[in-house]
Amino acid sequence: MSSMIPYDRYGRALRRGFPIEDLFDELFTSPLVSSSSDAAFKMDVVDEGESYVISAQLAGVGRDEIDVELNEGRLSISVEKKETEEDKGKNYLHKETREWSATRGVYLKDAATEGLSAKLENGVLTVTVPKQVEKNNVTKIAID
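If you count by the working numbering, then the sequence shown holds residues 555 to 698, one letter each, in order.
Here is the structure:
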């Protein structure tokens with residue numbers, strides 16, 4: 555077991571003495587390079603039979619910073635978090651909060667356009683989307 559090397563470090567172990575290659579390995583396996591899904595908020599979609607319930611984790615985000623839209627079955631949740639004027643006037647020695655924006659979406663093919671509801675409570679946005687009865691888009695044509 556002591557001779558096992560984690561997969562991301564295996565190439566480095568084989569190339570000892572080539573520091574420039576180690577630099578590139580670190581650059582591409584570093585947590586500083588993150589996918590867009592890592593930067594976005596977490597979102598769950600639950601099918602509850604008669605409706606869908608979408609929950610988004612939006613701690614520290616106000617109602618006026620959230621936009622929820624249903625367009626032809628695609629539910630989009632957009633957030634644009636900005637600094638307030640009060641925050642800009644402070645003399646920070648260290649600050650980890652920042653301005654950011656993110657959009658997440660999900661396609662709900664049988665989403666109804668009426669009866670939608672959304673609430674923001676304790677940093678969790680909950681959107682309820684009722685389902686509509688699917689219409690049959692196929693029309694049979696009789697041949698004369």
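Where is the CB? At the ideal position from N, CA and C, for every residue including glycine.
| query | result |
| --- | --- |
| Cutting at 6 angstroms between CB atoms, please list the residues of its own chain near Asn645, excluding the five before and the five after it. | none |
| What residue does the beta strand (DSSP E) around Val505 start on, and which one ends it? | Outside the shown range of the chain (555 to 698) lies residue 505, about which nothing can therefore be said. |
| In angstroms, rounded to a whole number, what distance separates the CA positions of Val607 and Ile697? | 45 angstroms |
| Grab me the residues of Asp598's own chain with a C-beta within less than 6 angstroms of its C-beta, minus the 5 sequence neighbours each way, in chain order. | Ser609 |
| Under the rule that 16 or more other beta-carbon atoms within 10 Å means buried, what is Ala665, buried or exposed? | buried |
| Is there contact between the stretch 623–635 and the stretch 651–664, where contact requires at least three CB pairs shorter than 8 angstroms? | yes |
| Report the CB separation of Val622 from Val681 in whole angstroms; it is logged as a contact under 8 angstroms. | 6 angstroms |
| If you draw a straight line from the C-alpha of Asn620 to the C-alpha of His648, how long is it? | First, the residue type needs correcting, since residue 620 is Ile and not Asn in the sequence shown. Approximately 27 angstroms between the Cα atoms of the pair. |
| For Val692, count the other beta carbons within 10 Å of its own beta carbon; 16 or more makes it buried, fewer makes it exposed. Which is it? | exposed |
| Taking the beta strand (DSSP E) that Ala610 falls in, what are its first and last residues? | Ser605 to Gln611 |
| Helix or strand or just coil, what does DSSP make of Glu650? | coil |
| Can you give me the start and stop residues for the beta strand (DSSP E) that Val622 sits inside? | Ile620 to Asn625 |
| For Lys642, which of helix, strand or coil comes out of DSSP? | helix |
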